[in-house]
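Residue numbers (our numbering): 28 to 114.
#1: For residue 48 versus residue 37, is the C-beta spacing smaller than 8 Å?
#2: DSSP has residue 45 in a bridge; who is on the other side?
#3: Can you find at least 3 beta carbon pairs, one from the stretch 71–83 and one from the stretch 93–106, that sit closer than 8 Å?
#4: So which of 54, 89, 57, 61 has the shortest CA-CA distance to residue 70?
#5: Considering only residues of the same chain and omitting the five flanking positions on each side of residue 86, which have a CB-CB separation below 8 Å?
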C-alpha cells in the first residue's frame, strides 16, 4: 500500500538476478532520484538481496506474475512508468 504510483519498476525474479541488477539500480537511484523505484521478486532469497543491497533506497514487494487478475490489479494500482525485466 505504501508504494507510490509512477515508479520505475525492476522485476528481478530471484537472488541471482537481484545481485546482478543491484549495481545498475543503485546507480540509477543515485543519478535519477525521481521517480521512486520498485524492485519486485518472486522468492524470499530475492527479497533478502533487495533489502541487503539496496536498503531503503527502493520499494520492494513480491510479484507473482502467474495470476493474471492480480497482475492487472497491480498495474492498475501502481501505473509504473517503466518496467525492466531481469532474467
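Backbone N, C-alpha and C fix where the C-beta goes; we use that ideal spot for every residue, glycine too.
With the structure as the only source:
#1: For residue 48 and residue 37, yes; Cβs fall inside 8 Å.
#2: Its beta-bridge partners do not exist; DSSP assigns none.
#3: Touching, no.
#4: Per the Cα distances, 89.
#5: When the five nearest sequence neighbours on each side are left out, the beta carbons in the same chain lying within less than 8 Å of the beta carbon of residue 86 are those of 29, 30, 31, 34, 63, 64, 65, 66, in order along the chain.
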